[in-house]
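**Student:** Supplied in structure tokens, the structure appears directly below.
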Amino acid sequence: MKLLILYATTMGNSKGVAEAISKSLDVYQFEDKRVMAVNQYDKEKLIDENIVIFVCSTIGKGNEPKMMTEFWHYLLREELPGYILSTIHFTVFGCGDSRFKLFNYPSKRLYRRLLQLGANPINDRGIGDASNENGHYQTLYPWIDDLKKNLEEKGLVSGATDGAGKSSDFSIEYLEEDASMNIDSSVRNNNNKTGELFEVVKNDRVTPNDYFRDTRLIHLKSTNSLSYNPGDIIDIIPVNLKSEINDAIVKLQWEEIANKPFIINSVNCDLPEEWKSTQTLRNLLENSLDIFGIPNLKMGRSLYSILENKLNDEDKAKLSDYESYIKNCINEKKSVLDILCEFPTKDLKIEEILEIIPTITARSYSIASSRKVSGDNLIELIIGINNYTTAKNETRYGIATKWISTLKPSEKICGEVKEGVMKFDSFAEQPAIMICTGTGIASIRSCLQERISQGQKENYLFFGFRNTNNDDYFMDELKKYSDEGSVKLFLAASRDQPEKVYVQNKLEENAKLVWELITKKNAHIIVSGNINTLPSSVKTALRDIYIEEGGYTLDQATQSIQSLEDQEIYQEECY
Numbered sequence: 001m002k003l004l005i006l007y008a009t010t011m012g013n014s015k016g017v018a019e020a021i022s023k024s025l026d027v028y029q030f031e032d033k034r035v036m037a038v039n040q041y042d043k044e045k046l047i048d049e050n051i052v053i054f055v056c057s058t059i060g061k062g063n064e065p066k067m068m069t070e071f072w073h074y075l076l077r078e079e080l081p082g083y084i085l086s087t088i089h090f091t092v093f094g095c096g097d098s099r100f101k102l103f104n105y106p107s108k109r110l111y112r113r114l115l116q117l118g119a120n121p122i123n124d125r126g127i128g129d130a131s132n133e134n135g136h137y138q139t140l141y142p143w144i145d146d147l148k149k150n151l152e153e154k155g156l157v158s159g160a161t162d163g164a165g166k167s168s169d170f171s172i173e174y175l176e177e178d179a180s181m182n183i184d185s186s187v188r189n190n191n192n193k194t195g196e197l198f199e200v201v202k203n204d205r206v207t208p209n210d211y212f213r214d215t216r217l218i219h220l221k222s223t224n225s226l227s228y229n230p231g232d233i234i235d236i237i238p239v240n241l242k243s244e245i246n247d248a249i250v251k252l253q254w255e256e257i258a259n260k261p262f263i264i265n266s267v268n269c270d271l272p273e274e275w276k277s278t279q280t281l282r283n284l285l286e287n288s289l290d291i292f293g294i295p296n297l298k299m300g301r302s303l304y305s306i307l308e309n310k311l312n313d314e315d316k317a318k319l320s321d322y323e324s325y326i327k328n329c330i331n332e333k334k335s336v337l338d339i340l341c342e343f344p345t346k347d348l349k350i351e352e353i354l355e356i357i358p359t360i361t362a363r364s365y366s367i368a369s370s371r372k373v374s375g376d377n378l379i380e381l382i383i384g385i386n387n388y389t390t391a392k393n394e395t396r397y398g399i400a401t402k403w404i405s406t407l408k409p410s411e412k413i414c415g416e417v418k419e420g421v422m423k424f425d426s427f428a429e430q431p432a433i434m435i436c437t438g439t440g441i442a443s444i445r446s447c448l449q450e451r452i453s454q455g456q457k458e459n460y461l462f463f464g465f466r467n468t469n470n471d472d473y474f475m476d477e478l479k480k481y482s483d484e485g486s487v488k489l490f491l492a493a494s495r496d497q498p499e500k501v502y503v504q505n506k507l508e509e510n511a512k513l514v515w516e517l518i519t520k521k522n523a524h525i526i527v528s529g530n531i532n533t534l535p536s537s538v539k540t541a542l543r544d545i546y547i548e549e550g551g552y553t554l555d556q557a558t559q560s561i562q563s564l565e566d567q568e569i570y571q572e573e574c575y
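First residue of the sequence shown? That's 1 in the UniProt record's numbering, and the numbers climb one at a time after it.
Pasting the structure below:
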């Protein structure tokens, strides 16, 4: 039997899940086993496969990742007979976030369509949830156990052998010490081969130096003319700081192997583009491996599998229950490096290090400017620098924002501009009720600049922040627009007074205006901010407005707001 694992991803989550599935199925002998991106696969050959496992992420409002679009449209062709995939056995694992509407919808549609085309299901669709304590891996490994059970019961594999996950997906070919690496040192993050080159023009702190939160206004200038619309995003893959990687190498006693050049060969999976050139461990740690990031179950499982025979009884007992161990590490805010330092990792091979340490994934930032104001080759970003305190009372920073805070004018970075989830062009002629908090002002500002430049003055902005003069971002600009009659401002400075005031309170205070804008002027509503609090608070406020101003029942109000969302009159960009 041949095994094919196809993944469709945007941020790399589905790729990691696909690799974890592949590793777990190492207990079986397959005639051929491949893990690859769905857009790299020749879809015409699908009918020739035996066992196919699909791993599919969710983006935006229940959409499939861009890399899957062509494959999905191929499967949707009306002329395909209902038996065309009757010779293959399949299953699907979906990656999503239950805090969003249409959670895991692409995997559901894919599973259903494969059944319609006659494919034989191996087990039920797997449902990964990023909002779980252990992310997608919390449900992945129980699902894999069920998958293995069904593979055996259906006679698709012979009995399992010992040593699951012992073989590596990589092989290392060492080179002469003077082998060239062909790395462009002029680019601060040389890990996105498909991205655009940007020059840092500005990286200014916009919160007071004595304020607890450090927020940056960043201007990036492209060497080429950019094509983007309000609501679009830029993906940036951060890198680790060289000084911190040097300290980590010393801590882990990897000095002897850190600078040896080698080539990585893939056994079962496709390599990241940047891994296909000559590498050193130091370069991988600086540019690709998330050694300071948050551990996950996949890492714990790999670490135990690789170190099992090298552990003393105490460490073996601790790591064998890797699910509880990783959960405790997350609660204590330990990093991958912290965990590696607890165990005998000095003599790990390069291929084992690649198996254990997760890769750095892209971060998406909403563009905070309009081309009509900033020009065709400049984008602006408003980014909060994230920090947290460990159980040992150590202050640490997120890898992306820490790196971003070090960027200096004239330095170059790679980024990739992509379409966002908001559709601002759909209501260019209608009034807009814009509701945002904190750095959620980014996409709202982009939209506001665009609308004002086009002469649209029916703009109503409900903006929430903690303190006036601390984190009321772009306030001078907003007040200028207000003075010109281009926007009506409703400001909620939650900490300026003893009793907290939020944007939902401002909506309720202006219930009559909001009601008339929605029902008489066909206003559109856009919401941007923290997903944990803002969407539910705004919807509750709108529901109450429908009840109080329109005389609706609770059910009628709820259904009406749902209808606005279904028609994309109400849109969210929350994170």
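The C-beta atom is built at its ideal place from N, Cα and C for all residues, glycine as well. Here the structure is a predicted model, which means the values were calculated and not measured.
#1: Closest by CA to L319, which one among G135, K333 and L303?
#2: Ignoring anything shorter than 3 residues or poking outside the UniProt domain "Flavodoxin-like" (3-148), list the beta strand (DSSP E) runs there in chain order.
#3: Is R188 a contact residue of the ligand NAP, with contact defined as CB to any heavy atom under 8 Å?
#4: How many Å lie between A37 and V52 at the Cα?
#5: Compute the beta-carbon to beta-carbon distance between P238 and R363, rounded to the nearest angstrom, for a pair I have assumed lies under 8 Å.
#6: Would V527 be called buried (16 or more neighbouring beta carbons within 10 Å of its own) or exposed?
#7: Could you give the distance in angstroms between the alpha-carbon of E380 and the alpha-carbon of Q504?
#8: Of all the options Y28, E273, Y174 and L115, which has the alpha carbon lying nearest to the alpha carbon of P81?
#9: Can you say whether F212 is buried or exposed, counting buried as having 16 or more other CB atoms within 10 angstroms of its CB?
#10: Short of 6 Å in beta carbon distance, which residues of its chain neighbour S86, apart from the five on each side in sequence? Order them along the chain.
#11: Using 10 angstroms around the beta-carbon of K101, count the other beta-carbons present and answer buried if the total reaches 16, otherwise exposed.
#12: Of the choices I433, S22 and I218, whose alpha-carbon is the least far from that of L140?
#13: Specify the secondary structure class of Q504 as computed by DSSP and reduced to three states.
#14: Out of Y575, L25, Q29 and E153, point me to the one whose CA is closest to N532's CA.
#15: Can you tell me whether H219 is buried or exposed? The criterion is at least 16 other CB atoms within 10 Å of its CB, across all chains shown.
#16: Using DSSP with H/G/I as helix, E/B as strand and the rest coil, what is G165?
#17: Would a C-beta distance cut-off of 9 Å place F490 and N510 closer than the cut-off?
#18: Is it right to say V267 is buried, meaning 16 or more other beta carbons lie within 10 angstroms of its own, or is it exposed?
#19: In angstroms with no decimal places, state the Cα-to-Cα distance between Q559 and E484.
#20: Since K412 sits in a beta bridge, which residues does DSSP pair it with?
#21: Could you tell me which uninterrupted alpha helix (DSSP H) segments, each at least 4 residues in length, are contained entirely in the region 253-299, listed from first to last along the chain?
#22: Determine, using beta-carbon pairs with one atom in the region 407-416 and one in the region 264-279, whether at least three such pairs fall under 8 Å.
#23: Going by Cα to Cα distance, which pick from D321, I306, D290 and K346 is closest to I360?
#24: Can the beta-carbon of S446 be found less than 9 Å from the beta-carbon of S335?
#25: What's the call for H73, buried or exposed, on a 16-neighbour Cβ count within 10 Å?
#26: Can I367 and A442 be called in contact, C-beta distance under 9 Å?
#27: How long is the line joining the alpha carbons of G165 and M68, rounded to whole angstroms?
#28: With DSSP as the reference, label S528 as helix, strand or coil.
#29: Touching or not, the region 125-136 and the region 92-109, by the rule of three or more beta carbon pairs under 8 Å?
#30: Just mark R495 as buried or exposed, buried being the case when its beta carbon has 16 or more other beta carbons within 10 Å.
#31: Tell me which residues share the same chain as D32 and place their Cβ nearer than 6 Å to its Cβ, disregarding the 5 neighbours each side in the sequence.
**Tutor:** From the atom records:
#1: L303
#2: 32-37, 51-57, 89-96 and 126-129
#3: For the ligand NAP, the structure offers nothing, since it holds no ligand at all.
#4: 13 Å
#5: 6 Å
#6: buried
#7: 28 Å
#8: L115
#9: exposed
#10: G118
#11: exposed
#12: S22
#13: helix
#14: Y575
#15: buried
#16: Interpretation of G165 is limited by its pLDDT of 47, a score under 50 that renders its predicted location unreliable; the figure taken from the coordinates is listed afterwards. Looking at G165 - three-state DSSP - the assignment turns out to be coil, as it is neither helix nor strand.
#17: yes
#18: exposed
#19: 37 Å
#20: V187 and E199
#21: 255-258 and 281-287
#22: no
#23: D290
#24: no
#25: exposed
#26: yes
#27: Only weak support exists for where G165 lies, its pLDDT of 47 falling under 50; the coordinates are left without a value.
#28: strand
#29: yes
#30: exposed
#31: K2
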